[in-house]
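Keeping their order, the protein sequence lines are chains A and B.
Residues in the first sequence are numbered consecutively from 34, following the numbering used here.
Residues in the second sequence are numbered consecutively from 411, following the numbering used here.
To start, the structure under review is shown below, and the notes come after it.
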Amino acid sequence: MTVLLSTRGLTKRFDGLLAVSDVDLDLTAGDVHALIGPNGAGKTTLVGMICGRIAPTAGSVTFDGRDITTLPAHKRIGLGMAYTFQITSVFAGLSVRENVALAARGQPVQGDQVDRAVCAALDKVGLSDRAQEVAGNLSYGHQRLLEIAMGLAQAPRLLILDEPTQGLSDGEIARFTALIEGLRGHTTVLLIEHNMRVVWEVADRVTVLNFGEVLAEGTPEDIHENRAVQAAYLGTG
Amino acid sequence: MSRDTARILALHGGLLVLLFVAQFVLPAYHHGNLARIMVLASYAIGYNILFGYTGLLSLGHALFFAAGMYGMGLGIQHGGLSPAPALLAGVVAGAVVSGALALLALRTTGVAFMIVTLMFAQAGYLTILYFGDYTRGDEGFVLQTAQRMLWGIDLSDPTNRYFAAFTLFALCLCLSLWLVRAPFGRVLVAIRENEDRVQMLGYDTHAHKLAAMVISGTISAAAGAAYGLLFGYVGASFGSVQYSILPLLWVLLGGAGTVLGPFIGALFMFYLIDLSSGLTAAYMLIAGVVLVVLTLFAPQGLVGELRRRFWKGLP
């Protein structure tokens, strides 16, 4: 099994606060890898360092065998990463279609392919009939879906989703898990998720962060039975 | 061609046709005014690319306007150039100056960007005064009729001047319309809305802002060079802070981030001052009140308001 992305000793210190400490993480190509942990565990900081939004204090990031630790964010995206924001960050003043088209055009595809990628991405999240609407007028849940559609339109090799199901209805969550199932095998997914039902349903591997450190890693079953994780995060029940 | 594209072309093309026809029917006074407004509107179009579409508020565009004007003027006065290469020299000067300033100023954002551009423009203004032996400082210098013959066309003649101003304006308008509808322009708008997000879509936002500033500065310089050549005067006042504020006002009044806004804003402001100064010596008071009222009731500018109410897809 090939490793698509790995981090070694990845550390981020904000002044006195150690947000992420010495994290070694390996993502196997084609897997859905969930990253869980209590609020403030350092999940968003960790993926921020992976995709280049935050410069690490120490450690390295390797993507597809290449050290990308010092590469700026837009070049990492060019290598085939996509990142969807935890705080909905769509272009509120532009149409839904234009939002997704911007995502698609960021890749080296042009012309008809852009249109096709836009339609396919909107179709997958179920927003096709709202393509002409101004993104800012969508409901919160639909803006979350648009965010995911933008990630899909980038046709990434590694899709990083930061709490994608936050604020989605049950029906939308079901649609989302089906969508992730559809990506399995050809797109590697790194999923930060609070909804444990989603994690157990879609994840191949789970990494648990606590106070910036890796507390445990394994299959969902391993994690489910891990006492340290239960104590730290899931409660004792 | 989609229906929307057809309507957009009809509107912008319609304005150009109107301006073309206007010169045959307008009385001499307004004819002259309109020529001046078209050149100033071209300057505002340049400003709008950076401010209206990319969301970068520069307070130093007079530097680019003056770079074009002096690149052209000094080329004629001291370099012995004829108008065509002199115009080119002005445009190149603007491109070089805006590129250099962009490299420095784009290291900052927000208020710091405004201050850095303002300071460099002031430095440029003082440089013009400092080299008074060549630039004649505040007094400036006049370009003689003989120095203003472009390919045998006398640019001091009102009709020729109108045509030249119209040509410049039409070029700038079409360029701006094309640019903001092209993928490059869409990215600029996205940068204005949320730069962080654009970067995470794989775009080099710094390179895009750099290009936007050079395009903006170059168009402004072209307007500055044309202004000097068409009206026969090159002076330091065009490099003063007032000429950095004016395009901001025109664009805000007309509608930032609209293709027609710069022209409407420049036209409106020109005639507002022209008409109110005919009524009273305190014309700035009238102009000021009108501007305040407009800002209150049409905060997105005249064309911006039109877009908000009637035509969402207006570029």
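Cβ coordinates follow ideal geometry from the N, Cα and C atoms, glycine included.
Treat the numbers as computed from the prediction; the structure is a model and nothing was measured.
Cβ neighbour criterion (16 or more within 10 Å) applied to residue i
i                 : result
Arg719 of chain B : exposed
Thr221 of chain A : buried
Leu450 of chain B : buried
Leu79 of chain A  : buried
Tyr173 of chain A : exposed
Thr269 of chain A : The predicted model places Thr269 of chain A with a pLDDT of 48, which falls under 50 and marks its position as unreliable; any figure quoted below should be read in that light. Thr269 of chain A comes out exposed.
Pro141 of chain A : exposed
Pro568 of chain B : exposed
Asp414 of chain B : exposed
Val427 of chain B : exposed
Thr668 of chain B : buried
Gly485 of chain B : buried
Gly456 of chain B : buried
Lys45 of chain A  : buried
Ala74 of chain A  : buried
His175 of chain A : buried
Pro197 of chain A : buried
Gln556 of chain B : Sequence check: residue 556 of chain B is Ala here, not Gln. So Ala556 of chain B counts as exposed.
Thr35 of chain A  : exposed
Gln187 of chain A : buried
Thr240 of chain A : buried
Ala207 of chain A : exposed
Pro709 of chain B : exposed
Met114 of chain A : buried
Ala512 of chain B : buried
Delimiting residues of the alpha helix (DSSP H) encompassing residue i
i                 : result
Leu429 of chain B : 413-435
His728 of chain B : The question about residue 728 of chain B has no answer here: the residues shown for chain B are numbered 411 through 725.
Arg342 of chain A : Nothing in the structure corresponds to residue 342 of chain A, since chain A is present only between 34 and 270.
Phe461 of chain B : No alpha helix (DSSP H) holds Phe461 of chain B; DSSP gives it neither H nor E.
Val231 of chain A : 229-235
Gly81 of chain A  : 76-84
Leu536 of chain B : 520-540
Ala726 of chain B : The first residue shown for chain B is 411 and the last is 725, placing residue 726 of chain B beyond what the model contains.
Gly711 of chain B : Neither: Gly711 of chain B is in no alpha helix (DSSP H) and is coded neither H nor E.
Gln140 of chain A : No alpha helix (DSSP H) holds Gln140 of chain A; DSSP gives it neither H nor E.
Pro253 of chain A : 253-258
Lys157 of chain A : 145-158
Val507 of chain B : 493-515
His175 of chain A : 173-186
Ile213 of chain A : 203-216
Ile486 of chain B : 472-487
Partner residues on chain B for residue i, Cβ-Cβ distance less than 9 Å
i                 : result
Arg99 of chain A  : Going along chain B, no residue has its Cβ under 9 Å from Arg99 of chain A, so there is no contact; the nearest lies around 16 Å.
Ile110 of chain A : Gln609, Met610, Leu611, Gly612, Tyr613
Ala164 of chain A : Ordered by position in chain B, no residue passes the 9 Å Cβ test against Ala164 of chain A, which lies about 14 Å from the chain.
Neighbouring residues, chain B, relative to residue i (Cβ below 7 Å)
i                 : result
Arg138 of chain A : Pro593
Tyr116 of chain A : Met610
Neighbouring residues, chain A, relative to residue i (Cβ below 9 Å)
i                 : result
Arg596 of chain B : Leu127, Glu131, Ala134, Leu135, Arg138
Asn604 of chain B : Ser122, Val123, Phe124, Ala125
Ala666 of chain B : Neighbours of Ala666 of chain B on chain A: none; closest Cβ ~13 Å, over 9 Å.
Extent of the continuous beta strand (DSSP E) run through residue i
i                 : result
Asp548 of chain B : Careful: Asp548 of chain B lies outside any beta strand (DSSP E) and carries neither H nor E.
Met610 of chain B : No beta strand (DSSP E) holds Met610 of chain B; DSSP gives it neither H nor E.
Ala67 of chain A  : 65-69
Ser93 of chain A  : 91-96
Under 8 Å by beta carbon: chain B residues contacting residue i
i                 : result
Ile87 of chain A  : Simply none; closest approach about 12 Å.
Ala67 of chain A  : The contacting residues do not exist; Ala67 of chain A stays about 21 Å from chain B at best.
Ala106 of chain A : Gln609, Met610
Per DSSP, cross-strand counterpart(s) of residue i
i                 : result
Asp59 of chain A  : A:Ser39
Asp564 of chain B : B:Met559
Ile193 of chain A : A:Tyr116, A:Leu223
Asn604 of chain B : For Asn604 of chain B, which the question treats as bridged, DSSP gives no partner whatsoever.
Leu242 of chain A : A:Val247
Arg99 of chain A  : A:Phe96
Tyr653 of chain B : According to DSSP, which records beta bridges pairwise, Tyr653 of chain B is partnered with nothing at all.
Tyr643 of chain B : B:Val552
Val167 of chain A : A:Ser128
Leu306 of chain A : Outside the displayed range of chain A (34 to 270) lies residue 306 of chain A, so it cannot be described from this structure.
8 Å Cβ cut-off: residues of chain A touching residue i
i                 : result
Ala600 of chain B : Phe124, Leu127, Leu135
field: Residues of the stretch 606-630 of chain B whose Cβ lies closer than 8 Å to any Cβ of chain A, in chain order
entry: Asp606, Arg607, Val608, Gln609, Met610, Leu611, Gly612, Tyr613, Asp614, Thr615
- request: Could you list the residues in the stretch 554-579 of chain B with a C-beta less than 9 Å from some C-beta on chain E, going in chain order?
  value: No chain E is present in this structure, whose protein chains are A and B.
query: If contact means a Cβ-Cβ distance below 8 Å, which residues of the stretch 183-198 of chain A contact chain B?
result: Met183, Gln187
- prompt: Which of the residues in the stretch 142-153 of chain A, read from start to end, lie with their CB under 7 Å from any CB of chain B?
  reply: none
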